[in-house]
Ligand code: ADP
């Protein structure tokens, strides 16, 4: 039988290796199952062993009993046989004596009487002669009178006839085959033949009581032990007792399955008389079966208890596993928790700390648990404060929302922590102490401080900014942010912000504005201002402040997610003033330059004026003399006056032209006709050119567009260039045939832009490289009386009209044959204020 599993056994004891290996290979569930099944199997095997032992013993006993019955029956049969044979001997002796005539009828009676008295089973002795006539008969006194045979009677035919004839024929003693009668008074007859000198001389009939035979033939100890009976040839009871057949249920039991009896024919009689002994049911069966049932019941109970125990254990195991899983989960949770936990009992003693608490304070659990205040993680300087806090805590005065303390680590460093205290309540609802959770807030504190510092820096910068910064949400009068300068200028309200936005034309977009159709997915906001980082720019004048402000605005997502507009306004009043000053100076410089030009041209102009004035004088003198001599007709006077008037008109024209040219005027751009500008410039320049004997030719392309320019300034440029050309020719000392200047005005395309190009080509000495380098420098001149500001001003004027100016030499082979100055003005140019650059500075 297998014993308990190896794991439950101490390691001592001879457990084979293979068994141990096999056992270890099994899964724990299987091990459990085997551990439970093995005792059950043991109980069942035990039960089986008990049953088979009972069976075996019972069989053994039955064998023995069978043997005993057999022996006893044999013995009883022997005894009966002996008894019958003895009687038979005695009868045969009597028969012999009768044959020898030693015994007569009387003697026979005497002998019979003594025999019957001696042997109670013998009921009657009868002497029957050869003619079946009773010679003598003696019956036991107990016998009923009608059974007694009287001497001299002849036997009724049929009565014992078969046996009688058989004894006569065989000459041998013959026993009758008894049959069971209605009562138990069965008789066994013995016919002993008589020989009368060699002849048959009748029989001696001895009749036995079968009952008596049984009673006296079977030893008392046997009849006490068994139910002994004598049966006839057909198994019917002749005498004795018989055990009734057993309960059929009893037959099923092994020890009761075979009735224990034995029968054997009683020898001299033969098969007609059988002795049978049946063993009484012994007490053993009862005891055996009781024991059997007891063992069975105990085994069943053990098995049932084992199974119940097994199921109970299984439930316990399941509960244990669930408990373990729960414990593991709680432990893992506890260990992975980042919040430190500490439990105090009602007296302030630490009863529990978790891993996070130990990690934070660097004190181990063993060092903390069981400690009473002051705790080792209290900084010395805070001890009194913390003690007071703890007392409050223990008295239940907890602070809602926790409180902040400093905690000292084991290495002496400090950190900030926030503690929350709550009541610790056990499963029965009784308070057992206080639970404190601790969070390290060093990092949040540091971050908060950093944030605060950065906020302070940010505000300081914004406040110190010499620009006003304001943020307001779209479509609201709320002011989200305003820096110091804004508050100084506009106060704490959004009015200034909105005014700036409105004045600068940055009014907040309306979603239903048609021009903003394409921006729908930006919820009605202009895509350019949102998607590009660029901001709108405008310069506005704020009368309330008396300041010029440069206003920049951009959209931004405010911290609460609202879309807001930020406006940054910079005070540009100083710049604006400087610019205006510079523009005025430039203007002054231009008119001064024109005056200078005229001054330089003074002698030419005087010469030019001299002619009409001389002609007027001559006409007047001629008229006076002819009127004095009265030699003049009215027509002649009219003709002369007409001529005089024309000359005066011409002089006036020249003066008017010069006046227009030098008149100081505000810069005034208008759509100007190029032809007019060119004609007026040529008229002025011609005075100078004619004096220098320089031929002027010009070509103006047809259908030129009007230009958005200040015509006086363009004329000034042209006059300057034509004068420079004439002076160059003069300086070069060109012969009469090569003294020519050509002016061309043609349309052109430069950088895919429609422009009008003005060029002046001369036949002078050209530009030396060093001159070319410094051409536009103010006060650079190669001429003795030159001022050197002409070209500088020309370039400024051209560039203020978004044009460009350039100069190049004209070559005739390798020889310089003159130079060409040209500039172009775009056809549609944006208007820019004309700002003097170097010139503005130079003139003042
Ligand atoms: P200014 O005429 O008073 O000298 P400008 O600024 O008009 O001053 O000219 C600067 C210099 O450029 C002149 O002194 C001259 O040397 C040179 N220059 C100007 N125009 C021409 C020209 N058409 N040919 C050769 N040199 C010239």
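In UniProt numbering, the protein residues as written are 1 to 844. The beta-carbon is built from N, C-alpha and C at its ideal position, and this holds for glycine as well.
How big is the Cα-Cα spacing for residue 113 and residue 119? 10 Å
Got a sec, what are the start and stop residues for the alpha helix (DSSP H) residue 397 sits in? That residue, residue 397, is in no alpha helix (DSSP H); it is neither H nor E in DSSP.
According to DSSP, is residue 378 part of a helix, a strand, or is it coil? coil
Would you report the Cα separation of residue 166 and residue 68, rounded to the nearest angstrom? 38 Å
Beta-carbon proximity list for residue 567, same chain, < 7 Å, skipping 5 on both sides: 470, 497, 500, 501, 551, 553
Looking at residue 612: is its Cβ nearer than 8 Å to the Cβ of residue 584? no
For residue 669 and residue 473, what's the separation of their Cα atoms in angstroms? 42 Å
heavy atom of ligand 1 below 7 Å from residue 802 C-beta: The answer is no for residue 802.
How would you label residue 630, buried or exposed, when you count the other beta carbons within 10 angstroms and need 16 or more for buried? Around the C-beta of residue 630, fewer than 16 other C-beta atoms lie within 10 Å, and the residue is accordingly described as exposed.
For residue 539: DSSP bridge partner residues: 550
Where does residue 770 sit, in a helix, a strand or coil, going by DSSP? helix
Can you tell me where the beta strand (DSSP E) with residue 637 in it begins and where it stops? Unbroken run through residue 637 is the alpha helix (DSSP H), 634 to 662; no beta strand (DSSP E).
Give me every residue whose Cβ sits closer than 7 Å to any heavy atom of ligand 1, in chain order. For ligand 1, the selected residues are 720, 724, 725, 727, 728, 762, 764, 765, 766, 767, 771, 775, 780, 781, 782, 783, 786, 787, 788, 789, 790, 791, 792, 819, 821.
When the Cβ atoms of the stretch 671 to 691 are set against those of the stretch 702 to 712, are three or more pairs found closer than 8 Å? yes
May I ask you to list the residues that DSSP assigns as paired with residue 810? 818
Can you name the residues that DSSP bridges to residue 188? Here residue 188 is bridged, per DSSP, to 208.
Specify, as a first and last residue, the run of the alpha helix (DSSP H) that residue 120 falls within. Residue 120 -> no alpha helix (DSSP H), and no H or E assigned at all.
Given residue 271 as reference, the closest of 277, 278, 263 once Cα atoms are compared: 263
In chain order, what residues of the same chain lie with their CB nearer than 6 Å to the CB of residue 659, ignoring the 5 residues before and after it? Same-chain partners within the cutoff: there are none.
For residue 92, the three-state DSSP class (helix, strand or coil): helix
Is DSSP giving residue 711 helix, strand or coil here? helix
Is it true that the stretch 87 to 105 meets the stretch 184 to 195, where meeting means three or more beta-carbon pairs spaced less than 8 Å apart? yes
Grouping DSSP H, G and I as helix and E and B as strand, with all else coil, what is residue 828? coil
Rounded distance between the beta-carbons of residue 627 and residue 644, thought under 8 Å: Not quite, the Cβ-Cβ distance comes to about 13 Å (not below 8 Å), so this is no contact.
Beta carbon of residue 404, beta carbon of residue 441: below 8 Å? yes
Please look up how many angstroms separate the CB atoms of residue 848 and residue 719, rounded, as I've assumed it's under 8 Å. Since the displayed the chain opens at 1 and closes at 844, residue 848 lies outside it and no answer follows.
Cross-strand partners of residue 698 (DSSP beta bridge): 743
Can you have a look at residue 457 and say buried or exposed, based on whether 16 or more other CB atoms are within 10 angstroms of its CB? exposed
Alpha carbon to alpha carbon, how far is residue 130 from residue 137? Give it in angstroms, no decimals. Between residue 137 and residue 130, the C-alpha separation is close to 15 Å.
Which value, in whole angstroms, describes the spacing of the CA atoms of residue 555 and residue 564? 6 Å
In whole angstroms, what separates the C-alpha of residue 701 from that of residue 744? 8 Å
Between the stretch 59 to 77 and the stretch 150 to 169, do three or more beta carbon pairs fall short of 8 Å? no
Can you check which of these residues, 579, 597, 494, 486, is closest to residue 545 by C-alpha distance? Cα-wise, what sits closest to residue 545 is 486.
Tell whether a beta-carbon distance below 8 Å holds between residue 776 and residue 795. yes
Could you give the distance in angstroms between the alpha-carbon of residue 636 and the alpha-carbon of residue 818? When rounded, the separation of the alpha-carbon atoms in residue 636 and residue 818 is 51 Å.
Compute the Euclidean distance between the alpha carbons of residue 536 and residue 412, then round it to the nearest angstrom. 58 Å
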